[in-house]
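As numbered in this note's numbering, residues 69 to 176 make up the sequence shown, in order. Cβ atoms here follow ideal geometry from the backbone N, Cα and C, with glycine treated the same way. As the structure is a prediction and not an experimental result, all values here were calculated from the model.
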Amino acid sequence: MATKAVKTYSLSQMKDKYIGKIGTNERDEYEYELRMDVLGKMIKAARQERKLTQEELGLLVGVQRAQISKLESSANSATIDTIIRVFSALKAEINFNVKLEGNFVKLA
Numbered sequence: 069m070a071t072k073a074v075k076t077y078s079l080s081q082m083k084d085k086y087i088g089k090i091g092t093n094e095r096d097e098y099e100y101e102l103r104m105d106v107l108g109k110m111i112k113a114a115r116q117e118r119k120l121t122q123e124e125l126g127l128l129v130g131v132q133r134a135q136i137s138k139l140e141s142s143a144n145s146a147t148i149d150t151i152i153r154v155f156s157a158l159k160a161e162i163n164f165n166v167k168l169e170g171n172f173v174k175l176a
């Protein structure tokens, strides 16, 4: 009995096919949303590691518990200032990479 070869695709190929090629608006929006989701999960994990409630973290940052909840579920509506204040309150280091016309600038 002959076996039929199964065609496989990489994650990158699947993204290109179903979301859009790198550099398209659809792909850029997808990648941005994904990064913001990961950032929210990092905030939640750091808060839980520090054994803080959302309300306690909100008090340290100077925002309502609801804003911490929104940050953790999706950080895409947060300002950089708020994100820096959250990680500062969590005593966590945060680094930003900024790409300017082919050159990376690392902000720490």
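What separation, rounded to the nearest whole angstrom, lies between the Cα atoms of residue 100 and residue 78? Taking the first residue of the sequence shown as position 1, residue 100 is located at position 32. Taking the first residue of the sequence shown as position 1, residue 78 is located at position 10. Cα to Cα, the separation comes out at about 20 Å.
Residue burial classification, residue 140 (beta-carbon count within 10 angstroms, cutoff 16): Here residue 140 refers to the residue found at position 72 of the sequence shown. Classification for residue 140: buried.
Please list, in chain order, all residues of the same chain as residue 115 whose beta carbon is under 6 Å from its beta carbon, the five residues on each side excluded. The count along the sequence shown starts at 1 and reaches residue 115 at position 47. Around residue 115: 125.
Is it buried or exposed, residue 108, if we count other Cβ atoms within 10 angstroms and call 16 or more buried? Position 40 of the sequence shown, counted from the first residue, corresponds to residue 108. With 16 or more other Cβ atoms within 10 Å, it is buried.
For the putative contact between residue 154 and residue 111, defined by C-beta atoms under 8 Å, what is the C-beta separation to the nearest angstrom? The residue given as residue 154 occupies position 86 in the sequence shown. The residue given as residue 111 occupies position 43 in the sequence shown. Right, the Cβ-Cβ distance comes to about 6 Å (below 8 Å), so this counts as a contact.
Residues of its chain near residue 128, where Cβ-Cβ distance is below 6 Å and the 5 sequence neighbours each way are ignored: Here residue 128 refers to the residue found at position 60 of the sequence shown. Closer than 6 Å at Cβ, skipping near neighbours: 157.
Between the C-alpha atoms of residue 133 and residue 76, what's the straight-line distance to the nearest angstrom? Along the sequence shown, one-based indexing puts residue 133 at 65. Along the sequence shown, one-based indexing puts residue 76 at 8. Going from the Cα of residue 133 to the Cα of residue 76 covers about 45 Å.
What separation, rounded to the nearest whole angstrom, lies between the Cα atoms of residue 105 and residue 130? Here residue 105 refers to the residue found at position 37 when the sequence shown is read from its first residue. Here residue 130 refers to the residue found at position 62 when the sequence shown is read from its first residue. Taking the straight line from one Cα to the other gives about 22 Å.
Alpha-carbon to alpha-carbon, residue 84 and residue 120: In the sequence shown, the residue the question calls residue 120 occupies position 52. In the sequence shown, the residue the question calls residue 84 occupies position 16. Here the alpha carbon of residue 120 sits roughly 40 Å from the alpha carbon of residue 84.
Measuring alpha carbon to alpha carbon, tell me which of 123, 97 and 102 ends up nearest residue 137. Stepping through the sequence shown from its first residue, residue 137 is reached at position 69. The closest CA to that of residue 137, considering only 123, 97 and 102, is found on 123.
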